[in-house]
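Reading through the structure tokens given below for one structure.
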Amino acid sequence: MSLSAIKTAVFDRLIAEGSLPILYFNNVEDTTQPLPPVSNHLRPFVLPSDTRTIGVRTLNQEVGLIQVNVFVGKGQGEITSSDIASQILDLFPRNLDLVACRIDDIGSIAPSFFDQGWYITPVSIPYQNLC
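According to the working numbering, the sequence shown is numbered sequentially starting from 2.
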């Protein structure tokens, strides 16, 4: 599968979950939302890694990370950010088949940090695609 198919599958799954904050893509011009958002939001990325050859002939394994950064406004606390991060992990459980890729391991929540008035919590989920 192509990288764009993987991104579409991941982003569609995040959008379909109605209880998560809005998604923000800093490379898309959206006139309906302030840039960047002023409320809690997610910034998703699909980060491909090197392709590995598994078999002698043609079987390749594309691996990478789904990275979703949770942005929570200053003063809302660590619990809000942790709850949202946990929801994201629940959306991408181990052995989930997303048509374009497969979640082959349990994701993780990295330590949070402050940046320009935002409390940011990175969530990383490994994926693979056999082609």
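Don't be surprised by glycine CBs; every beta carbon is placed ideally from N, CA and C. Please read these numbers as outputs of a predicted model, since none were measured by experiment.
Under the three-state reduction of DSSP output, SER125 falls in the strand class. By the Cβ criterion, the stretch 113–120 is not in contact with the stretch 10–27, since fewer than three pairs of Cβ atoms, one from each stretch, lie closer than 8 Å.
When secondary structure is reduced to three states using DSSP, ASP116 falls in the strand class. Rounded to the nearest angstrom, the gap between the Cα atoms of PRO38 and LYS75 is 13 Å.
Here the C-alpha atom of GLN62 lies approximately 17 Å from the C-alpha atom of ARG95. Contact between the stretch 39–46 and the stretch 70–89 is present: three or more C-beta pairs spanning the two stretches fall below 8 Å. Nearest in C-alpha terms to ASN130, of all of SER83, LEU92, ILE89, LEU99, is LEU99.
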